[in-house]
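J.: If you read the protein sequences in the order shown, they are chains S and E.
If you read the first sequence in the working numbering, its first letter stands for residue 1, the second for the next number, and so on.
If you read the second sequence in the working numbering, its first letter stands for residue 1001, the second for the next number, and so on.
From the three backbone atoms N, C-alpha and C, an ideal C-beta is built for every residue, glycine too.
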Amino acid sequence: MSTGPQSETYSRRTLVALMEDKPGVLSNVSNLFRRRNYNIESLTVGHSETPGISRMTVVVNANDAVVEQVIKQLHKLISVTKVTDITDDVAVIRELALIKVHCTSSTRGEIKQLVDIFRAQIIDVSPESMTVEITGTEDKVDSLVNMLRPFGLKEMARTGRVAMSRGATNTNDSD
Amino acid sequence: MKLNGAQILWECLVREGVDVVFGITGGAIMPVYHELPNYPVRHVTMRHEQAAAHAADGYARATGKVGVCMSTSGPGATNLVTGIATAAMDSSPIVAITGQVSTSVLGSDSFQETDITGITMPITKHNYLVTDIGDLARAVKEAFYIASSGRPGPVLIDIAKDVQLAETEFEYPAEVNLPGFKPHLHGNARQIRQAALMINQAKEPLLIAGRGIIISRASAELRELAEKAQIPVVTTLLGKSSLPETHPLCLGMGGMHGEAFTNYALQTADLIVGIGTRFDDRLTSTAETFAPKAKVIHIDIDPAEIGKRVRVDLPIVGDARNVLSQLLPLVESGGHPDWIERIEEWRAEARARDVVWQESDALLPQYVIRSIWEVTKGDALMVSDVGQNQMWEAQYYLHQRPCSLISSGGLGTMGFAVPAAIGAAVGCPERDVWVVAGDGGFQMTCQELATIVQEGLPIKINLLNNGYLGMVRQWQELFFQKNYSGTPISGPDFAKFAQAYGIHGITVEKRGEVTEALRQAQAMDAPVLIDFRIEREHNVLPMVPSGEPIDKMIRRPAVRH
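(1) Report yes or no: is there a C-beta of chain E within less than 8 Å of the C-beta of Gly24 (chain S)?
(2) Rounded to the nearest angstrom, what separates Leu1541 (chain E) and Val1356 (chain E) at their Cα positions?
(3) In chain S, which residues lie with their C-beta within 8 Å of the C-beta of Phe1181 (chain E)?
(4) Could you give the distance in angstroms between the alpha-carbon of Thr1507 (chain E) and the alpha-carbon of Leu1364 (chain E)?
(5) Is Thr44 (chain S) closer than 8 Å to Val162 (chain S) when the C-beta atoms are compared?
(6) Determine the direct distance from the alpha carbon of Asp1319 (chain E) to that of Pro1402 (chain E), and round the result to whole angstroms.
(7) Looking only at its own chain, which residues have a Cβ that is under 6 Å from the Cβ of Met1471 (chain E), when we skip the five neighbours before and after it?
(8) Hey, out of S:Ser42, S:Glu128, S:Asp139 and S:Ser11, whose CA is closest to Lys154 (chain S)'s CA?
(9) Mind checking Lys978 (chain E): buried by the 16 CB within 10 Å criterion, or exposed?
(10) Are there 16 or more other CB atoms within 10 angstroms of the CB of Pro1610 (chain E), so buried, or fewer, so exposed?
(11) Is the shortest distance between the beta-carbon of Glu68 (chain S) and the beta-carbons of chain E less than 8 Å?
(12) Return yes when the Cβ of Ala1558 (chain E) is within less than 8 Å of the Cβ of Asp1531 (chain E), no when it is not.
(13) Note down the Cα distance separating Arg36 (chain S) from Ala1500 (chain E), rounded to an integer number of angstroms.
(14) Ignore the nearest five residues each way along the sequence and tell me which others in Met1604 (chain E)'s own chain have a CB closer than 8 Å to its CB.
(15) Is there at least one Cβ from chain E nearer than 8 Å to Thr81 (chain S)'s Cβ?
(16) Beta-carbon separation of Gly160 (chain S) and Arg94 (chain S) under 8 Å?
(17) At what residues does the alpha helix (DSSP H) containing Glu1344 (chain E) begin and finish?
(18) With 8 Å set as the bound, which would you pick, yes or no: does the beta-carbon of Asn244 (chain S) sit closer than that to a beta-carbon of chain E?
(19) CB Lys1420 (chain E) to CB Leu1381 (chain E), shorter than 8 Å?
(20) Buried or exposed for Met1553 (chain E), please, with buried defined as at least 16 other CB atoms from any protein chain shown within 10 angstroms of its CB.
(21) Taking just the CA atoms, how far does Ile1094 (chain E) sit from His1186 (chain E)?
(22) Going by DSSP, what residue range makes up the beta strand (DSSP E) through Thr1246 (chain E)?
(23) Val1233 (chain E) and Ala1226 (chain E) look like a contact to me (Cβ under 8 Å); what is the Cβ gap, rounded to whole Å?
(24) Taking CB distances under 8 Å as the criterion, tell me whether Thr35 (chain S) reaches chain E.
(25) Give a yes or no on whether 8 Å exceeds the smallest Cβ distance from Ala65 (chain S) to chain E.
(26) According to the Cβ coordinates, are Tyr1468 (chain E) and Arg1533 (chain E) closer than 8 Å?
(27) For the region 1009 to 1019 of chain E against the region 110 to 128 of chain S, do three or more pairs of beta-carbon atoms, one drawn from each stretch, fall closer than 8 Å, so that the two count as touching?
(28) Which residues in the same chain as Asn1188 (chain E) place their Cβ atom closer than 7 Å to its Cβ, once the five residues preceding and following it in sequence are excluded?
(29) Who are the near neighbours of His1034 (chain E) in its chain, counting only those whose CB is closer than 7 Å to its CB and skipping five residues on each side?
(30) If the cut is a Cβ gap below 8 Å, which residues of chain S does Leu1178 (chain E) touch?
(31) In chain order, which continuous runs of the beta strand (DSSP E) of length 3 or greater are located wholly inside the region 1018 to 1082 of chain E?
(32) Which residue comes first and which comes last in the alpha helix (DSSP H) that contains Met1471 (chain E)?
(33) Give the DSSP bridge partners of Asn1127 (chain E), in chain order.
(34) Using only the alpha-carbon positions, how far apart do Gly109 (chain S) and Ile117 (chain S) sit?
(35) Can you tell which of E:Gly1180, E:Asn1539, E:Glu1224 and E:Asp1432 has its C-alpha closest to the C-alpha of Ile1372 (chain E)?
(36) In chain E, which residues lie less than 8 Å from Gln73 (chain S) when you measure between Cβ atoms?
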């Protein structure tokens, strides 16, 4: 017997977890991923619609058996109230990035054009740099980053993936 | 009425039914100890905090109640860590209470400060750092609920010293509200019907009884199921004593040091029903080679255990006793005479090989354990340490009563036995508590002989003394070219060592002296230590080499003709 065929492909799974907003909860969750040897691609946390409850979106690289264990192990943490795998749901997935790019008077116009094409925004300008804000799928953010890289990236901050099921379904509906 | 934090803690503990605490005081827990004499709680002062945690664990395993240990901050708290990890691996309900430095200096590396909630996060079910007096009562209430509900385990409460002194109105919460903790206690009816169908159709079924049977007190239901459907029972190390081990359907412990007939049965079975077991690697060896022909039904209260190590055909999440009670009426009375006969042939062959210890004139450990079994009529509360001594106990002491073996299974903590026996003896004064330990593990916590004498506990300590860290020496002999690196150990004259503490000490060097020494120990209403100077280089067999399927064993030598 085995825990599952090893040939089974690993893929990116998006999980949404709700947890009590208390000291130590985030480190407990991140500690779990490390000690159980799970592979996290991104992890974001913020407030949910319920006061006192935080919402975490975590992207793991896993097969079916591993993702099942991740969900069960997250559930075992007393402060975690709900875990949902929304990988196969119809979901809105977004990431926000702030990108500070080097510019001169001669490149400023070209950068502005690229930013417009991506429907991003310029939120700060200085004589030698522009700061761009973009929201979208990770692919879209990657594409803009690739386009801006030749101008010289000075600084970048990406939030990682946040996700929500489309329509009337609530990710935090109880089972 | 206004109470301070220390008083609130004791009020809560008394309300949770705590009447004994194992601990050591110190600077950051002094306010709590200052109030202790005002409450009806026995405090067992240990000699090391690790032992306090093991004692709370032993108490919990013996009684089924939550065990409580207590220490100060910093080194007191870190010394608990091995004991907490031991309890976590074996699902033992303990609550560890630690003092913490005052909130005004918390986080400044002040004297005896350590982040014990951070340190114990991965080895507790949950933990609390209490920095506000208003949170204390609820933290204690929740801690006991979490420790003892669902799959039991350790919970730690770290209380800042100024919180112990702060005052507030005391109100004990009537109930807990933990939206993230709702154990499933009853099995799903459809899955149970399916399980009954699979059991009724199986030709060569086996039950595997793990510690879940002991924890949920499901021995009667297990026995009823085994007898009704005529299914043999294999146990894990911690599942030993689930079923009387002289019962014809009991095949004893399987796995790395399981009997050959037990492992053959596991590898041949067409259906395995695992109840309250983790399918740990000491039982299965590599998961891929375990029970290759079997469909697997896995009954466990912890959903995360299902599918963690072995492929499961039918999961049932629930408390073992509930699920077995639900299952029993649906299972048909029947028999598997051919299957049982086949196992009995394997058993007879294995028994015929097991003669060296019976015929030898040397002082062999198997003979010592079997003699303890005879003298105690299989009815003692046995506490074994870790290593060869633990495996010989498991192979040769046939437990008659449920919940009569306490041992560190998952973590394999050497030094566990003596302090765990203290907890067991305090919790069950009516039981005869017998320790089996090696000279290595014993020397890791032997300072606790002082606690045994101080508390007047009539524990019988049996040392299988071979002057080695024996299990590692055995591996070195078999797999590391007899390179005995780091394994030979010296020790004191253990009988004299015991006598220095005021404990009766006996040295046994010959086979003929064994029974007399045991009877002498049994007759004394006082602690006794017997130093059995056993054959030095004797191996635990059978043995499954690491990574091999469990039927590829190094067997006991065949009978000499």
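T.: With the given structure in hand:
(1) In the first sequence, counting from the first residue as 1, residue 24 (chain S) sits at position 24. Gly24 (chain S) counts as touching chain E.
(2) Taking the first residue of the second sequence as position 1, residue 1541 (chain E) is located at position 541. Taking the first residue of the second sequence as position 1, residue 1356 (chain E) is located at position 356. Leu1541 (chain E) and Val1356 (chain E): Cα-Cα distance of roughly 11 Å.
(3) Stepping through the second sequence from its first residue, residue 1181 (chain E) is reached at position 181. Ordered by position in chain S, the residues that pass the 8 Å Cβ test against Phe1181 (chain E) are Ile78.
(4) Indexing the second sequence from 1 puts residue 1507 (chain E) at position 507. Indexing the second sequence from 1 puts residue 1364 (chain E) at position 364. C-alpha separation (whole angstroms): 15 Å.
(5) The residue you call residue 162 (chain S) lines up with position 162 of the first sequence. The residue you call residue 44 (chain S) lines up with position 44 of the first sequence. Yes, Cβ-Cβ distance for Val162 (chain S) and Thr44 (chain S) is below 8 Å.
(6) Translated into positions along the second sequence, residue 1402 (chain E) becomes position 402. Translated into positions along the second sequence, residue 1319 (chain E) becomes position 319. So the alpha carbons of these two residues sit roughly 17 Å apart.
(7) Counting from one through the second sequence, the residue named residue 1471 (chain E) turns up at place 471. Gly1387 and Gln1388, listed in sequence order.
(8) One-based indexing of the first sequence puts residue 154 (chain S) at position 154. Selected option, being the one with the closest Cα: S:Glu128.
(9) Outside the displayed span of chain E (1001 to 1561) sits residue 978 (chain E), for which this structure offers no information.
(10) Any answer about residue 1610 (chain E) is impossible in this case: the structure gives chain E only from 1001 up to 1561.
(11) On the first sequence, residue 68 (chain S) is found 68 positions in, with the first residue counted as 1. True, the Cβ-Cβ gap to chain E drops below 8 Å.
(12) Within the second sequence, residue 1531 (chain E) is the residue found at index 531, counting from 1. Within the second sequence, residue 1558 (chain E) is the residue found at index 558, counting from 1. Contact: no.
(13) Taking the first residue of the first sequence as 1, we reach residue 36 (chain S) at position 36. Taking the first residue of the second sequence as 1, we reach residue 1500 (chain E) at position 500. When rounded, the distance between both Cα atoms is 47 Å.
(14) Since the first residue shown for chain E is 1001 and the last is 1561, residue 1604 (chain E) is missing from the structure and cannot be characterised.
(15) The sequence position of residue 81 (chain S) within the first sequence is 81, counting from 1. It does; some Cβ of chain E falls within 8 Å.
(16) Here the question's residue 160 (chain S) lines up with position 160 in the first sequence. Here the question's residue 94 (chain S) lines up with position 94 in the first sequence. Contact flag unset, no.
(17) Within the second sequence, residue 1344 (chain E) is the residue found at index 344, counting from 1. Glu1344 (chain E) -> alpha helix (DSSP H) spans Pro1337 to Arg1353.
(18) Because chain S spans 1 through 175 in this model, residue 244 (chain S) falls outside it and cannot be assessed.
(19) Working through the second sequence from its first residue, we reach residue 1420 (chain E) at position 420. Working through the second sequence from its first residue, we reach residue 1381 (chain E) at position 381. The residue you asked about is not Lys; residue 1420 (chain E) is Ala in the sequence shown. In this structure, Leu1381 (chain E) does not lie closer than 8 Å to Ala1420 (chain E) by Cβ.
(20) Residue mapping note: residue 1553 (chain E) aligns to position 553 of the second sequence, counting from 1. Looking at its Cβ environment, which holds 16 or more other Cβ atoms inside 10 Å, Met1553 (chain E) is buried.
(21) Position 186 of the second sequence, counted from the first residue, corresponds to residue 1186 (chain E). Position 94 of the second sequence, counted from the first residue, corresponds to residue 1094 (chain E). So the alpha carbons of these two residues sit roughly 24 Å apart.
(22) Translated into the one-based positions of the second sequence, residue 1246 (chain E) becomes position 246. Taken as a continuous stretch (DSSP letters only), Thr1246 (chain E) belongs to no beta strand (DSSP E), as it is neither H nor E.
(23) Position 233 of the second sequence, counting from 1, holds the residue named residue 1233 (chain E). Position 226 of the second sequence, counting from 1, holds the residue named residue 1226 (chain E). Indeed, because the Cβ distance is near 5 Å, the residues count as touching under 8 Å.
(24) Numbered from its first residue, the first sequence carries residue 35 (chain S) at position 35. The sequence as given places Arg at residue 35 (chain S); Thr does not occur at that position. Closer than 8 Å to some Cβ of chain E, the Cβ of Arg35 (chain S) qualifies, so yes.
(25) Counted from its first residue, the first sequence places residue 65 (chain S) at position 65. So, interface residue.
(26) Here residue 1468 (chain E) is taken as the residue at index 468 of the second sequence, counted from 1. Here residue 1533 (chain E) is taken as the residue at index 533 of the second sequence, counted from 1. No, the pair does not count as a contact, with Cβ atoms beyond the cut-off.
(27) With a cut-off of 8 Å, the region 110 to 128 of chain S and the region 1009 to 1019 of chain E do not count as touching, because too few Cβ pairs lie within range.
(28) If you number the second sequence from 1, residue 1188 (chain E) lands on position 188. Contacts found: Ile1316.
(29) By one-based count along the second sequence, residue 1034 (chain E) stands at place 34. Taken in chain order, the residues that qualify are Ala1006.
(30) As a first step, residue 1178 (chain E) must be located in the second sequence, where it is residue number 178. Within 8 Å of the CB of Leu1178 (chain E), the CB atoms of chain S belong to Ile78, in sequence order along the chain.
(31) Entirely contained in the region 1018 to 1082 of chain E, the beta strand (DSSP E) runs reaching 3 residues are, in chain order, 1020 to 1023, 1042 to 1045 and 1067 to 1071.
(32) Residue mapping note: residue 1471 (chain E) aligns to position 471 of the second sequence, counting from 1. From DSSP, the alpha helix (DSSP H) with Met1471 (chain E) extends over Gly1470 to Phe1479.
(33) Translated into the one-based positions of the second sequence, residue 1127 (chain E) becomes position 127. In DSSP, Asn1127 (chain E) forms a bridge with E:Leu1156.
(34) For the purposes of this step, residue 109 (chain S) is identified with residue 109 of the first sequence, where counting begins at 1. For the purposes of this step, residue 117 (chain S) is identified with residue 117 of the first sequence, where counting begins at 1. C-alpha separation (whole angstroms): 13 Å.
(35) The residue labelled residue 1372 (chain E) in the question sits at position 372 within the second sequence. The option with the nearest alpha carbon to Ile1372 (chain E) is E:Asp1432.
(36) Stepping through the first sequence from its first residue, residue 73 (chain S) is reached at position 73. Residues of chain E passing the Cβ test: Ala1304.
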